[in-house]
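A.B. asks:
Residue numbers (the numbering used here): 338 to 522.
#1: Indicate the three-state DSSP secondary structure (helix, strand or coil) for residue 464 in the structure shown.
#2: Leaving out five residues on either side along the sequence, give the residues of the same chain with a beta carbon under 6 Å from the beta carbon of residue 432.
#3: With which residues is residue 406 paired in a DSSP beta bridge?
#4: Among the residues of its own chain, which have a CB less than 7 Å from the CB of residue 397, if the five just before and after it don't count?
#5: State whether the segment 434-453 contacts the segment 466-486, with contact taken as three or more CB pairs (one from each stretch) at a distance under 8 Å.
#6: Along the chain, where does the beta strand (DSSP E) containing residue 433 start, and where does it finish?
#7: Measure from the alpha carbon of residue 295 to the alpha carbon of each residue in 383, 494, 378, 392, then state which is nearest.
#8: Is it buried or exposed, residue 498, if we count other Cβ atoms within 10 angstroms and call 16 or more buried?
#9: Please identify the residue among 370, 428, 453, 482 whose C-alpha is closest to the C-alpha of residue 380.
#10: Report, in whole angstroms, the separation of the C-beta atoms of residue 451 and residue 469, which I expect to be a contact under 8 Å.
#11: In the DSSP assignment, the alpha helix (DSSP H) including residue 499 goes from what residue to what residue?
#12: Taking residue 440 as the reference, which of 403, 456, 393 has the closest Cα?
#13: Within a Cβ cutoff of 8 Å, which residues of the same chain sit near residue 438, ignoring the five residues on either side of it in sequence?
#14: Assuming residue 519 contacts residue 425 (C-beta within less than 8 Å), just tell me the rounded distance between them.
#15: Measuring only the C-alpha atoms, how far is residue 357 from residue 366?
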């Protein structure tokens, strides 16, 4: 009975989080390796498939080379509009993601199937552990960490697996970002 009440409270807490609190988390940011389709309305010569290069850049006719990695699709569209405005009156630009090949995470340690996984949607730590086949019997459930590079510095985020599965420490079920390394000791 007590466990059911805790589970009910945990579900209420999750349901109570507003969409706006996750607005920036849910926005997909482009990564090296992503495949885009860029089209400029009424300009057949400016309909092109583009790959975000390993250095984070992309190139488009008339706009030249620009950084796409780490930007939202709308930001890339705005920059293309700005650059193309020198050549085309009021350009209407549409950017769509054809493949998210650069959006990968890595799961290492005491899981059934360690490796790299392409994220085709937003993933939290628990979902990534599931993709890796779950923990082995010898995994240290509350010592799982996420290693993340932020502005050239490594951050360490704790994932408290056994607490999360009991409806506690839900904030430690972090939203993963491209390049994150999930380490299970």
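Where is the CB? At the ideal position from N, CA and C, for every residue including glycine.
Please read all numbers here as calculations on a predicted model, not as lab measurements.
C.D. replies: With the structure as the only source:
#1: Looking at residue 464 - three-state DSSP - the assignment turns out to be helix.
#2: Excluding residues within five positions, the ones whose Cβ falls inside 6 Å are 373, 375, 410, 413, 414.
#3: Note: residue 406 sits in no beta bridge, so no partner.
#4: Taking C-beta separations shorter than 7 Å and ignoring five residues to either side along the sequence, the partners of residue 397 in its chain run 375, 385, 387, 417, following chain order.
#5: The segment 434-453 makes contact with the segment 466-486: 3 or more CB pairs, one atom from each, lie closer than 8 Å.
#6: Taken as a continuous stretch (DSSP letters only), the beta strand (DSSP E) holding residue 433 covers 430-436.
#7: Residue 295 lies beyond the stretch modelled for the chain, which goes from 338 to 522, so this question has no answer here.
#8: With 16 or more Cβ atoms within 10 Å of its Cβ, residue 498 is classed as buried.
#9: The residue with the shortest Cα to Cα distance from residue 380 is 428.
#10: Contact between residue 451 and residue 469 holds, with the beta-carbon distance rounding to 6 Å and staying under 8 Å.
#11: DSSP places residue 499 in the uninterrupted alpha helix (DSSP H) bounded by 498-501.
#12: When C-alpha distances from residue 440 are compared across 403, 456, 393, the shortest belongs to 456.
#13: Excluding sequence neighbours, residue 438 sits near 370, 371, 372, 455.
#14: Between residue 519 and residue 425 a beta carbon distance of about 45 Å is seen, past the 8 Å cut, so the two are scored as non-contacting.
#15: Summary for residue 357: the model assigns pLDDT 35, below 50, so the residue's position carries little reliability; its value from the coordinates is reported in the next sentence. C-alpha of residue 357 to C-alpha of residue 366: approximately 17 Å in a straight line.
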